[in-house]
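One structure below.
Protein chains: 2
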Amino acid sequence: MAIKDRKERDKLDRRKLIIKSATKLFLEQGYEKTSIRSIADDIEYSPATIYLYFKEKDEIFYEIHEQGFRLLNKVFIDQGHIADPFERLVSLGRLYLAFGLENPDYYDLMFIMRAPLTEIKCNSKWIVGDDSYGYLLDTVQDCLKHQLLPAGDPDIVAMTIWAYAHGLVSLNIRERLQSLSADVTGKDHLMQSMEYFLNSMKV
Amino acid sequence: MAIKDRKERDKLDRRKLIIKSATKLFLEQGYEKTSIRSIADDIEYSPATIYLYFKEKDEIFYEIHEQGFRLLNKVFIDQGHIADPFERLVSLGRLYLAFGLENPDYYDLMFIMRAPLTEIKCNSKWIVGDDSYGYLLDTVQDCLKHQLLPAGDPDIVAMTIWAYAHGLVSLNIRERLQSLSADVTGKDHLMQSMEYFLNSMKV
DNA sequence: CAAATATACTGATCACTGTTCAGTAAATGA
DNA sequence: TCATTTACTGAACAGTGATCAGTATATTTG
Chain A
1 MAIKDRKERD
11 KLDRRKLIIK
21 SATKLFLEQG
31 YEKTSIRSIA
41 DDIEYSPATI
51 YLYFKEKDEI
61 FYEIHEQGFR
71 LLNKVFIDQG
81 HIADPFERLV
91 SLGRLYLAFG
101 LENPDYYDLM
111 FIMRAPLTEI
121 KCNSKWIVGD
131 DSYGYLLDTV
141 QDCLKHQLLP
151 AGDPDIVAMT
161 IWAYAHGLVS
171 LNIRERLQSL
181 SADVTGKDHL
191 MQSMEYFLNS
201 MKV
Chain B
204 MAIKDRKERD
214 KLDRRKLIIK
224 SATKLFLEQG
234 YEKTSIRSIA
244 DDIEYSPATI
254 YLYFKEKDEI
264 FYEIHEQGFR
274 LLNKVFIDQG
284 HIADPFERLV
294 SLGRLYLAFG
304 LENPDYYDLM
314 FIMRAPLTEI
324 KCNSKWIVGD
334 DSYGYLLDTV
344 QDCLKHQLLP
354 AGDPDIVAMT
364 IWAYAHGLVS
374 LNIRERLQSL
384 SADVTGKDHL
394 MQSMEYFLNS
404 MKV
């Protein structure tokens, strides 16, 4: 049965090849411009072949979507050592902002784009995102315990903070801040805003 | 020269006809599914005709984009009578949230979608959005004057509040809240979040 | 070993998209 | 009356995601 095993490995390899190429093209030119044909061209297979490994275009990009979350988790993971909960929260905020600005395409896929997750998938695998949200929730709960944030339901508080951070990043990515009366574009102003936000929240 | 006038009026009428049809189809089925051909079908003209009145698809949807801002302005405009600045701010927040949830397609076009505003247009006409932002900025300045919000640059403060509200609405529209550990979906939870946010900010 | 079957892949095609352009028919101006 | 402008269109271009009958190779079975 070794042959069968090898074949299965080969099949997975080809799947990975597709994802690798798709990721490369995606980071170069974004989701919309990365066509099935361009991926096929890149890996030197027929477009039809890709549909033997993925049901639809979205399924390929769901993998990249997951990669993005793994990336964000990696960024978050070694903040646990910060003892002060509020300091940890500040650090998470900074990192989230930096992640969004440095990986706008990943961020887009993860949080802005019309979800590439039709059907059941949504329940079964969205869980990857839970890790990142988990860090936030834990930190928020710590802050609440030490009364560093105004009392409230931890989930509501975490969602509130996330909503703020997401709003900041996504307004920036989609260039909605350029029209404001004052010029608040640029990373400095975004950081100023985040400091203002967190300091205002601090009890 | 009356004939020429009539002709110009007719031309504007046809332009309006296109926009009207585009709006109808857009609100029925969203941006992506509203094709030039479907608009042409609806108004019983050839697809090519549409390009005599609009340079590109985005130009049509820029009009709808403006309609959206006029709608939001109309919602905001009669909040000026609320005397207490902070109460006014709360009211603006509520209205913004309600607008986003009740008009997700408009909201999408206005604040989420990859901007349908290539080139110069961005400088010349984005100003429509300034009205709505103006209400927010005025209210924020009032709040700062009466020390109802933590001191800070008015533009940064306004942007911070807007970012929060936008984050809340857009995470909801793009269904990113469903994956959270607790079920924070639903208008109630969003309102709870907004109350928590604004109360936390209040000095 | 030979025949039947399973695997991996592809070219062609479908139905769609935004956009362009040569051509037409009618209204207008000289 | 004839030239010109105006308003419009059919057909096409180049691209998209997706499908499917067909093919060539490899494996399993009698």
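So the protein sequences, as listed, match chains A and B.
Counted the way this note's numbering counts, the first sequence spans residues 1 to 203.
Counted the way this note's numbering counts, the second sequence spans residues 204 to 406.
All residues carry an ideal CB built from backbone N, CA and C; glycine is no exception.
In this text the structure is predicted, and so the values were computed from the model without any measurement.
Item, Value
"Exposed unless 16 or more other CB atoms sit within 10 angstroms - verdict on ILE77 (chain A)", "exposed"
"Cβ distance (whole Å) where SER403 (chain B) is taken to contact SER200 (chain A) below 8 angstroms", "7 angstroms"
"Endpoints, the alpha helix (DSSP H) within which ASP58 (chain A) is located", "57–77"
"Beta-carbon proximity check, GLN79 (chain A) vs TYR106 (chain A), cutoff 9 angstroms", "no"
"Min CB distance TYR399 (chain B) to chain A below 9 angstroms", "yes"
"Exposure label - HIS81 (chain A); buried when at least 16 CB within 10 Å", "exposed"
"Buried or exposed by the 16-neighbour rule on C-beta atoms within 10 Å, applied to ASP358 (chain B)", "buried"
"Residue from A:GLY152, A:SER132 and A:LEU177 with nearest C-alpha to ARG70 (chain A)", "A:SER132"
"Any 3 or more C-beta pairs closer than 8 angstroms across the stretch 343–354 of chain B and the stretch 162–174 of chain A", "no"
"Reduced DSSP category for GLU44 (chain A) - H, G, I as helix; E, B as strand; rest coil", "coil"
"Contacting positions in the stretch 89–112 of chain A - beta carbon closer than 8 angstroms to chain B", "PHE111 and ILE112"
"Alpha-carbon to alpha-carbon, LEU401 (chain B) and ILE253 (chain B)", "46 angstroms"
"Cβ separation of LEU300 (chain B) and ALA368 (chain B), assumed to be a contact under 8 angstroms, to the nearest whole Å", "7 angstroms"
"LEU393 (chain B) and TYR338 (chain B) closer than 9 angstroms at C-beta", "no"
"CA-to-CA distance, GLY186 (chain A) to SER224 (chain B), given in whole angstroms", "39 angstroms"
"Cβ neighbour criterion (16 or more within 10 Å) applied to LEU12 (chain A)", "exposed"
"Where THR160 (chain A) meets chain B, residues with beta-carbon distance less than 7 angstroms", "SER396, TYR399 and PHE400"
"Spatial neighbours of ASN73 (chain A) in its chain, beta-carbon cut-off 7 angstroms, leaving aside the 5 residues before and after", "ASP131 and SER132"
"Proximal residues, the stretch 162–192 of chain A versus chain B, C-beta separation under 8 angstroms", "TRP162, ALA163, TYR164, ALA165, HIS166, GLY167, LEU168, SER170, LEU171, ARG174, GLU175, ARG176, LEU177, GLN178, SER179, LEU180, SER181, ALA182, VAL184, HIS189 and GLN192"
"Inter-residue Cα distance where the pair is ASP138 (chain A) and TYR53 (chain A)", "38 angstroms"
"6 angstroms Cβ shell around PHE289 (chain B) - same chain, five flanking residues per side excluded", "CYS346 and LEU351"
"Enclosing alpha helix (DSSP H) for ASN103 (chain A) [first to last residue]", "Note, ASN103 (chain A): premise wrong, no alpha helix (DSSP H); not H, not E."
"Short-range partners of chain A found in the stretch 341–362 of chain B, where Cβ spacing is below 9 angstroms", "LEU352, PRO353, GLY355, ASP356, PRO357, ASP358, ILE359, VAL360, ALA361 and MET362"
"Burial state of VAL140 (chain A), where buried means 16 or more other Cβ atoms lie within 10 Å", "buried"
"Amino acids of chain A, ordered along the chain, whose beta-carbon sits closer than 7 angstroms to that of TYR338 (chain B)", "In chain order: nothing, as chain A lies at least about 12 angstroms away."
"Delimiting residues of the alpha helix (DSSP H) encompassing LYS187 (chain A)", "187–201"
"Nearest-angstrom Cα separation, counted from LYS219 (chain B) out to GLU44 (chain A)", "48 angstroms"
"Reduced DSSP secondary structure (H/G/I, E/B, other) of ILE221 (chain B)", "helix"
"Under 8 angstroms by beta carbon: chain A residues contacting ARG317 (chain B)", "ARG174"
"Proximal residues to ARG297 (chain B) (C-beta, below 8 angstroms), its chain only, five neighbours per side dropped", "MET394 and MET397"
"Straight-line gap, VAL406 (chain B) to PRO307 (chain B) (C-alpha atoms, nearest Å)", "33 angstroms"
"Among B:PRO353, B:ARG379, B:SER382 and B:LEU312, nearest to TYR234 (chain B) - alpha-carbon criterion", "B:LEU312"
"Coil, strand or helix - THR34 (chain A) by DSSP", "coil"
"GLN232 (chain B) in three-state terms, based on DSSP", "helix"
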